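Notes for the one structure printed next.
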Amino acid sequence: MENTIELSIEGMRCAGCVRSIEKVLLSVEGVLSASPDLLTGSATVVSAADLDNNLLLQALAGKGYQARLVEPSVSESLTQNVMLDFKIEGMTCAGCVSSVEKAIARAEGVRSVDVDLISGTARVMVEPSGTETVQEAIIGQVSEAGYKASAVSEEQNVLVDIGLDERKSQTYRLLVISALLTAPLVGQMILMPFGVTATLPPLFQLLLALPVQLVAGARFYKGFWSALRHGRSNMDTLVAVGTSAAFGLSLAVMLGDFSQWLSWSSHIAHSLYFEASAAVITLVLLGKILEEKAKGKTNEALMALMKLQPSKATVERGGAQIEVTANAVRADDIVIVKPGDSIPVDGVVISGVSQVDEAMVTGESMPVARKAGDALIGGTINGEGVLRIKPSTLGKNSRLSRIIEQVKSARTSKPKIQKLVDEVSAVFVPAVLLLATATFLGWWLWAEIPVEAAIINAVTVLVIACPCALGLATPTAIMVGSGQTARMGILVKDADAIDGLAKATTVVFDKTGTLTEGRPEVVDYMIGEPALSSRALSLALSLARDSAHPLSKAIVLKVQPLSDATLQLENSHALPGLGVKAENEGRKIYMGSSKLMLQEAIDLTQYNAFIKRNEAEGATLVWLAEKEGTAGKTLGVFALRDKLRPESYDAVVALKKDGLKVVMLSGDQMASARAVAHSLGIDQVEANLLPEDKLTYLQKLHTQGEIVVMVGDGINDAPALAGADIGLAMGDGTDVAISSADASLTKSDPTLVHRAIKAGRIIRRKIAQNLFGAFVYNVIGLPLAASGMLSPVLAGLAMALSSVTVMASSLSLYSSLKRID
375 MENTIELSIE GMRCAGCVRS IEKVLLSVEG VLSASPDLLT GSATVVSAAD
425 LDNNLLLQAL AGKGYQARLV EPSVSESLTQ NVMLDFKIEG MTCAGCVSSV
475 EKAIARAEGV RSVDVDLISG TARVMVEPSG TETVQEAIIG QVSEAGYKAS
525 AVSEEQNVLV DIGLDERKSQ TYRLLVISAL LTAPLVGQMI LMPFGVTATL
575 PPLFQLLLAL PVQLVAGARF YKGFWSALRH GRSNMDTLVA VGTSAAFGLS
625 LAVMLGDFSQ WLSWSSHIAH SLYFEASAAV ITLVLLGKIL EEKAKGKTNE
675 ALMALMKLQP SKATVERGGA QIEVTANAVR ADDIVIVKPG DSIPVDGVVI
725 SGVSQVDEAM VTGESMPVAR KAGDALIGGT INGEGVLRIK PSTLGKNSRL
775 SRIIEQVKSA RTSKPKIQKL VDEVSAVFVP AVLLLATATF LGWWLWAEIP
825 VEAAIINAVT VLVIACPCAL GLATPTAIMV GSGQTARMGI LVKDADAIDG
875 LAKATTVVFD KTGTLTEGRP EVVDYMIGEP ALSSRALSLA LSLARDSAHP
925 LSKAIVLKVQ PLSDATLQLE NSHALPGLGV KAENEGRKIY MGSSKLMLQE
975 AIDLTQYNAF IKRNEAEGAT LVWLAEKEGT AGKTLGVFAL RDKLRPESYD
1025 AVVALKKDGL KVVMLSGDQM ASARAVAHSL GIDQVEANLL PEDKLTYLQK
1075 LHTQGEIVVM VGDGINDAPA LAGADIGLAM GDGTDVAISS ADASLTKSDP
1125 TLVHRAIKAG RIIRRKIAQN LFGAFVYNVI GLPLAASGML SPVLAGLAMA
1175 LSSVTVMASS LSLYSSLKRI D
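For the sequence shown, this note's numbering begins at 375 and goes up steadily by one.
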């Protein structure tokens, strides 16, 4: 009989601790397997039924780890806190994030809160007792702050923004209608410099602008009213106040002269600003479309991760094999995994030998041998052997489920970069309103001019402060910049990604599939007896060509140009975890690992120099040998390594030349990782890292004040990509990596990382220039307007000029980005 227990362990902080704890537990007599988990600070131990559990606790204490036995009823959750997810509606800017976080933090029982603007969600850690009461309190606090919160169940988590497509469709319809109605209004302004002075009748202009203002602009009025009720200002405030000022002034001018309403050459036409109000709303709606598109990426990443979880499992129950859903696997089941199948649950091998592709978790480019007692990870792919496994963790405690949780948590806890427009709007809008009020009162009470003239001066202040240029400054630069960088092969999701790339101080590369191509190649080989070279190569080709193993494919690619002759083999079959075996001319032929050679008592001493040289460089050795009777000899050996991308060296040199620190992380062994780092000139390298270890390393860099760009390609990189300041996914990376990243490359060229950072710096500088230019108009124009030296017509002209200047500035990005090396 076997017994499975769960231990909660204090002091487990890194991958080294995991390995140390595993060794300690396996050293206790009676322990069959031990699977420590860094994420939960726990270990699953399978042991003989009569083992005294206190021996485990004493063994761990002797190595400095404090452990306790977790009762079965508690093992579902080793944490003392409960994580709740909420959907938040009504957030429009970084200021809203701060307001929502403060509101949630006021609820009793809340321990921490992270609000994500992009996905419109909040993750709240609360005390385990009274969860429902805390949940209601959080919803109430958010409502009092002027937003709407709704709890998201565990089943809904992946599709938390399930209404996204509907909202995008609605916004797109509004944009199309708004653009069609705005085009004639803007068109008449465009024709003026060409001597075309005919204008639309004022009534026609009103009828075109009215639906844009009241229907398309309704969302901004709603946001403005909500902010106003709670003493805040945001981008909605800027849009609502600015467009209302232009629209209201135009309407007031029309009401002053009914006789001009249907005139095609009305003398009041040049005093109308309907095109300004309509254009601002249309352009901001366009920005909303782009924003909603970026928001959908978070859910795509989570959906792709969920698809990795196998839906079916074959289990032994009552002496028979039956197929069940993966979620229905029980802790006392024996799970059967056939060749080529996905492993349905985390577990421990109880019988069988196979090669398992674990690249999605560890980043290891080579399949790894798994035998009885070894731990397996759900979602990884079984090789050529049949495995019988005992489940260790199920449901939300599985490794893949925890990776999903990490992507969510890292996304929400990522440091947010405050957008300049949102920061300034909190002060700018109230200041303009105060200035307009002061202008009205000053002219009416102190200058004693007619109230109508005082209103016109006040409205002039609002018109020249209209945030047309402010609204255009960021989105136009982003659109031009992202369009041009896309042609360079760099796709950025939003302004935050550009800002992060511009500020980067450290670039962290994953090794496998990022700096390397993620597939092995033969880098060296040696034939024992040169006279038998032709036969040895033919045997190697014959054995390798029918195998789907990555090492076999690499050997075929190397040998085929040297000798395309093949030999007749008999009784060819795989030796799971070791290699392949066949017969030729009465001799047994073997090709496989050093362990296979040792098992067959094949002498390797003549290859000592070859072994030492290649193992020092992290190469994997594949041997070719034959036996006649009991006498065996080595025919040759192949050394294989993951192939470096040809652009990797230039990429590292360019980054270091620009003053950026370069670090390499890998799930591979240190020898292999160090060999790659040395050949590329990378001084800082970390190896033997699990996905959670990579994230921990990035967090350490954050504490040192580094702004980190993480470059990766695999599912195992998803938590680090989401947890970095900026995640950058390689072009041939997995969908999960690309969706989790803030930016991606359309092709797997590491030199594009350097170009992306340079492009980010150029675009960020252009955004700052645009905003500065927009504010210069206000700084100069507002005092002139308040002093009565400007008419509303000149104010509108200044406003339009500021917009034209911003557009021209943004368009100059085309040439600036083309000059990037």
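Glycine residues also receive a C-beta, built at the ideal position from the N, C-alpha and C atoms.
Remember, it's a predicted structure, so these values are computed and weren't measured experimentally.
Return helix, strand or coil for Gln729, following the three-state DSSP convention.
-> Three-state DSSP puts Gln729 in a strand.
In the DSSP assignment, find the alpha helix (DSSP H) that holds Gln1043 and state where it starts and stops.
-> Taken as a continuous stretch (DSSP letters only), Gln1043 belongs to no alpha helix (DSSP H), as it is neither H nor E.
Just checking my contact of Ile872 with Gly1134 at CB under 8 Å: how many whole Å lie between their CB atoms?
-> For a cut-off of 8 Å, the C-beta gap from Ile872 to Gly1134 is around 5 Å, short enough to register as a contact.
Mind listing, in chain order, the continuous alpha helix (DSSP H) runs of no fewer than 4 residues lying wholly within the segment 460-510?
-> Fully enclosed alpha helix (DSSP H) runs of 4 or longer: 468-479.
Unbroken stretches of the beta strand (DSSP E), 3 residues or longer, contained in the segment 963-1041 = Listed in chain order, they are 994-1002, 1005-1018, 1035-1039.
Going by the CB atoms, is the gap between Asp1116 and Ile1141 shorter than 7 Å?
-> It is not a contact, given that the beta carbons lie outside the stated cut-off.
State yes or no: is the C-beta of Tyr521 within less than 7 Å of the C-beta of Val474?
-> Judged by their CB atoms, Tyr521 and Val474 are nearer to each other than the 7 Å cut-off.
Below 8 Å on the Cβ atoms is my guess for Val703 versus Val719; work out the distance and round it to an integer in Å.
-> Between Val719 and Val703 the Cβ distance is about 5 Å, and since that is below 8 Å, they are a contact.
Identify which residue in Lys962, Arg1048, Gly1010, Gly966 has its Cα closest to the Cα of Gly951.
-> Closest by C-alpha distance to Gly951, out of Lys962, Arg1048, Gly1010, Gly966, is Gly966.
Between which two residues does the alpha helix (DSSP H) carrying Ser1150 extend?
-> The sequence shown places Val at residue 1150, not Ser. Residues 1125-1160.
Is Ser651 helix, strand or coil by DSSP?
-> Looking at Ser651 - three-state DSSP - the assignment turns out to be helix.
Report the rounded CA-to-CA distance for Gly464 versus Ser503, giving the unit in angstroms.
-> Distance between the alpha carbons of Gly464 and Ser503: 30 Å.
Nearest-angstrom Cα distance between Val1083 and Leu915?
-> Taking the straight line joining both Cα atoms gives about 43 Å.
Which of helix, strand or coil does DSSP assign to Pro924?
-> DSSP places Pro924 in helix when its eight states are reduced to three.
Ser942 by DSSP, collapsed to three states: which one?
-> Rather than Ser, the amino acid found at residue 942 in this sequence is Gln. DSSP, read as helix, strand or coil, puts Gln942 in coil.
Roughly how many whole angstroms lie between the Cα atoms of Val730 and Glu1021?
-> If you take the alpha carbons of Val730 and Glu1021, they lie about 30 Å apart.
Roughly how many whole angstroms lie between the Cα atoms of Val1180 and Phe1149?
-> Rounded to whole angstroms, Val1180 to Phe1149 spans 11 Å at the Cα level.
Given Ala749 as reference, the closest of Ser772, Pro741, Val722, Glu732 once Cα atoms are compared = When only C-alpha atoms are compared, the closest one is Val722.
Can you have a look at Ala435 and say buried or exposed, based on whether 16 or more other CB atoms are within 10 angstroms of its CB?
-> It is exposed - the Cβ of Ala435 has fewer than 16 other Cβ atoms within 10 Å.
Thr879 by DSSP, collapsed to three states: which one?
-> If DSSP states are grouped into helix, strand and coil, Thr879 belongs with coil.
C-beta contact flag for Ser725 and Ile755 at 7 Å = The answer is no: Cβ separation not under 7 Å.
Ala423 bridges to which residues according to DSSP?
-> Per DSSP, none; premise fails for Ala423.
Is Leu1075 closer than 7 Å to Gly1086 when the C-beta atoms are compared?
-> Taking 7 Å as the cut-off, the Cβ atoms of Gly1086 and Leu1075 do not count as close.
Could you check what DSSP says for Asn1192 in three-state terms: helix, strand or coil?
-> Here residue 1192 turns out to be Lys, not Asn, going by the sequence shown. Note: Lys1192 maps to helix in three-state DSSP.
Kindly indicate which three-state DSSP category Asp535 falls into: helix, strand or coil?
-> In this predicted model, Asp535 has a pLDDT of only 49, less than 50, meaning its place in the structure is not dependable; the value taken from the coordinates is given anyway. Coil.
Classify Lys669 as buried or exposed, calling it buried when 16 or more other Cβ atoms lie within 10 Å of its own Cβ.
-> The predicted position of Lys669 is uncertain, since its pLDDT is 46 and thus under 50; a value taken from the coordinates is nonetheless stated next. The residue is buried, with at least 16 neighbouring Cβ atoms inside 10 Å.
Drop a sphere of 10 angstroms on the beta-carbon of Pro1157, count the other beta-carbons inside from all chains shown, and report buried for 16 or more, exposed for fewer.
-> Exposed, since its Cβ has fewer than 16 Cβ neighbours within 10 Å.
Backbone CA spacing between Ser449 and Gln1043 [nearest angstrom] = In this prediction, Ser449 has a pLDDT of 39, which is less than 50 and means its spatial position is unreliable; what the coordinates show is noted afterwards. In this model, Ser449 and Gln1043 are separated by some 32 Å (Cα to Cα).
In whole angstroms, what separates the C-alpha of Pro765 from that of Glu758?
-> Spanning the alpha carbons of Pro765 and Glu758 requires a straight line of approximately 21 Å.
Quick one, which of Val1127, Lys1017, Leu949, Gly960 has its alpha-carbon nearest Ser1006's?
-> The residue you asked about is not Ser; residue 1006 is Gly in the sequence shown. Across the set Val1127, Lys1017, Leu949, Gly960, the C-alpha of Gly960 shows the shortest separation from the C-alpha of Gly1006.
For Asp1123, which of Ser637, Ala477, Ile864, Gln634 has the nearest alpha-carbon?
-> Of Ser637, Ala477, Ile864, Gln634, the residue nearest in Cα terms is Ile864.
Backbone secondary structure at Lys1121 - three-state DSSP | Under the three-state reduction of DSSP output, Lys1121 falls in the coil class, being neither helix nor strand.
Does the beta-carbon of Glu649 have 16 or more other beta-carbons within 10 angstroms, so that it is buried, or is it exposed?
-> Buried, by the Cβ-count rule.
Near Ser637, what residues of its chain come up, given a Cβ to Cβ distance below 7 Å and the 5 sequence neighbours on each side ignored?
-> Closer than 7 Å at the Cβ level, and outside the excluded window around Ser637, lie Pro575.
Kindly indicate which three-state DSSP category Tyr521 falls into: helix, strand or coil?
-> Correct three-state label for Tyr521: coil.
Can you name the start and end residues of the beta strand (DSSP E) that Ser766 belongs to?
-> DSSP places Ser766 inside the beta strand (DSSP E), whose first and last residues are 761-767.
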